[in-house]
Amino acid sequence: MTRAAKGRLQWHDTFTVNAPKRSDASNKSARKLPDLPVEIWLEIFQFSTYVHHNATIKPLDPFTPKRTTTNALGANTPLSAMRTKLALVLVCRSWRHIAQQMLYEHLVIRSPVRASIILNALRSSRLPNEPEVGDSKLRLGYGQFVRHIEVFTYARGSGELSFLQTVFQILSCCPNLRTLSGNWRHRLPPEFLDATSRLLGSSLSEFYWNERDISADLKNGTKTPPSFLGSFKALRVLDLRHFVGTDPSSWTQSSSPTLPHVRDLILSTSPSSLQIASHLSLPCLRNLFLRTPGWGDTHEPSLISFLKVHGPSLAVVDLSTPSQDTEPDPDSSVLGRTASHIPPDIFLGPGVCPNLETLVFPVTSPTLAPHTHNRLHRIGLRGGNTEGLYPDKVTSMRNHLMSINIEKYPKLELVQTVGFLVEAHTDSLIKDIFIWWVERFEAMGVDFLDGEGVLWTYTDPPEDESPKKGDPDAVQPSTELKAVLVNDNKEHP
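In the numbering used here, the protein residues as written are 4 to 496.
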């Protein structure tokens, strides 16, 4: 071997790596995904990315069972849900075809730049309207998937006419839009209002119109007439918490707009919100969600005027804990215990809400007066805690529970502590205390449940484990706790 050959061999040996050989298992192709129907995959994806606010503006039913969180990741947030959706469309073609529609179900327009990007994406996905394109869904593009649009005007340039034109063009690209949430800091031209009502008046089912900037003067806002609201004839859910509108003195009773299908109404205790709701004709109204802000008065005269108009049609009244709109957990806020509350007695007075079946209110509300109501079926108490359940302590929650009886509410079936979970508290006596209340209401024929929908009771030991009489060495079994999940199969509005 020549000297040059020996040099090349030494050079080769120096940089030789003895890599391990791959096993046969690693050479096998990846395991295929389960062969499930498209509908099942869609259900799985929707469950893993569900955020209630993104799906609807209707508040969650307060009697919906709330589970103790055992997941380290916690509940979905808009950000985590969007990240999951973006990951799903990158897995494979079949998943992309299924999950792509979820990317566009909820669109948030926060600035003019974002509005332009969204509009370009919707337009570029639409195929030309040519005869060879037979599928009409392909022509609609991504706009056919949009169900909810939120508009914010806090960014620079949001008050320009060009921004409103872009927003309207986005609305025009979404034929299946069902929910519109508008947050406006600037006056809106009448042309924009008229065009929006003509475009969505016959199809929109949920509507939120915010004309009030909390950080600015409360009197500043757009001048939206009541006739604008009356143009949306297909509405089922209407949120007027921050509606300002025109001067009420300019309204005439003969021009009262009618919304024939609205069942759920969301209001605040501000006079403008209650006044516009009193002016509207809502023949199908059933559920009222009344939000109390952390500032200002409860304006009971405006509320009484509203109840004179719509009180007889109400079946469900849900009073929130006073809080700011940005408060993530209003029931636990300090402000909710110090701010002024709406007295629940307003709704229980004689002839005010004769068809009322469900009433939910905070435990910090004034104590119930001895009014009699013959139709009330369910009572929910918000913001309860362990200390409030002790029978020997004078607390607002204890006073409310003591004041509830079948003499005042002969058709009462259920009392529930909304949001309070017995299993989530570490107090060693909480289960026994809760069962004390369960037995008290059981004597009246009323179920007393915690926020998880659980009826806590004691159970006797099995007969085969019971000690024999006369046996001194027999061990006396301890009484067991039993949690019974109550399924309320009765229909409630």
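Note that the Cβ used here is the ideal one computed from N, Cα and C, for glycine as well.
My output table needs one value for residue i: the three-state DSSP class, helix, strand or coil.
i: PRO228; result: coil
i: VAL41; result: helix
i: VAL478; result: Confidence at VAL478 is low in this model, with a pLDDT of 41, below 50, so its placement is unreliable and no value can be given for it.
i: ASN388; result: coil
i: SER184; result: strand
i: ASN57; result: helix
i: SER258; result: helix
i: TYR461; result: strand
i: ARG126; result: helix
i: HIS100; result: helix
i: VAL247; result: coil
i: LEU94; result: In the sequence as displayed, the identity of residue 94 is Val instead of Leu. Correct three-state label for VAL94: coil.
i: ILE269; result: strand
i: PRO365; result: strand
i: ASN179; result: coil
i: TYR393; result: coil
i: ILE433; result: helix
i: THR87; result: helix
i: VAL421; result: strand
i: GLU209; result: strand
i: SER323; result: coil
i: LEU221; result: Unreliable positioning characterises LEU221 in this predicted model, as indicated by a pLDDT of 43, which lies under 50. The coordinate reading is nonetheless provided below. Residue state, collapsed to three classes: coil.
i: VAL154; result: strand
i: GLY146; result: helix
i: ARG378; result: coil
i: VAL136; result: Unreliable placement is indicated for VAL136, whose pLDDT of 47 sits below 50; no coordinate value is reported for it.
i: MET447; result: coil
i: PHE235; result: coil
i: ILE409; result: coil
i: SER343; result: coil
i: ALA118; result: helix
i: PHE66; result: coil
i: LEU359; result: coil
i: ALA78; result: coil
i: ALA427; result: helix
i: GLU46; result: helix
i: SER29; result: With a pLDDT of 49 at SER29, under the threshold of 50, the predicted position of this residue should be treated as unreliable, and no value is reported.
i: LEU415; result: coil
i: LEU285; result: coil
i: LEU497; result: Nothing can be reported for residue 497, as the shown portion of the chain is limited to 4 through 496.
i: SER253; result: helix
Just reading off the alpha helix (DSSP H) that residue i is part of, what are its end residues?
i: ASP348; result: 348-351
i: LEU277; result: 274-282
i: PRO312; result: For clarity, residue 312 is Val in the given sequence; the question names Pro instead. Counting along the chain, the alpha helix (DSSP H) containing VAL312 begins and ends at 303-313.
i: ILE112; result: Unbroken run through ILE112 is the beta strand (DSSP E), 109-112; no alpha helix (DSSP H).
i: ARG294; result: It is not in any alpha helix (DSSP H) - ARG294 instead sits in the beta strand (DSSP E) that spans 290-294.
i: ASP199; result: Before going further, note that residue 199 is Thr rather than Asp in the sequence given. Per DSSP, THR199 belongs to the alpha helix (DSSP H) from 193-203.
i: HIS403; result: 399-406
Specify, as a first and last residue, the run of the beta strand (DSSP E) that residue i falls within.
i: GLY383; result: 381-385
i: SER316; result: First-last for SER316: undefined, no H or E at that position.
i: PHE171; result: Segment 164-175 is the alpha helix (DSSP H) holding PHE171; no beta strand (DSSP E) there.
i: ASP453; result: Element bounds for ASP453: n/a, residue is neither H nor E.
i: LEU241; result: 240-242
Between residue i and residue j, which are expected to be in contact by the criterion C-beta below 8 Å, what is the C-beta distance as a whole number of angstroms?
i: PHE364; j: VAL418; result: That belief does not hold up - the Cβ atoms of PHE364 and VAL418 are roughly 12 Å apart, past 8 Å.
i: LEU322; j: ALA280; result: LEU322 to ALA280, Cβ: 15 Å. No contact.
i: ILE409; j: TYR211; result: Contact flag wrong, Cβ pair sits at about 39 Å.
i: ILE269; j: ARG294; result: 7 Å
i: ARG126; j: CYS177; result: With a Cβ gap of about 12 Å, ARG126 and CYS177 do not count as contacting.
i: THR420; j: ASP395; result: Not a contact, Cβ separation roughly 18 Å.
i: VAL111; j: ASN79; result: That belief does not hold up - the Cβ atoms of VAL111 and ASN79 are roughly 16 Å apart, past 8 Å.
i: SER305; j: GLN278; result: 6 Å
(request) Take every Cβ of the region 392-408, pair it with every Cβ of the region 47-59, and state whether three or more of those distances are shorter than 8 Å. (result) no
(request) Determine contact between the region 421-440 and the region 36-45, defined as no fewer than three beta-carbon pairs at a distance below 8 Å. (result) no
(message) Counting beta carbon pairs with one atom in the region 385-397 and one in the region 95-103, are three or more of them shorter than 8 Å?
(response) no
(request) Count the CB pairs spanning the region 83-90 and the region 342-353 that are closer than 8 Å, and state whether there are at least three. (result) no
(message) Using a Cβ distance threshold of 8 Å, determine whether the region 168-183 contacts the region 140-156, with at least three qualifying pairs required.
(response) yes
(message) I'd like to know if the region 311-321 and the region 249-260 are in contact, where contact means that at least 3 CB-CB pairs between them fall below 8 Å.
(response) no
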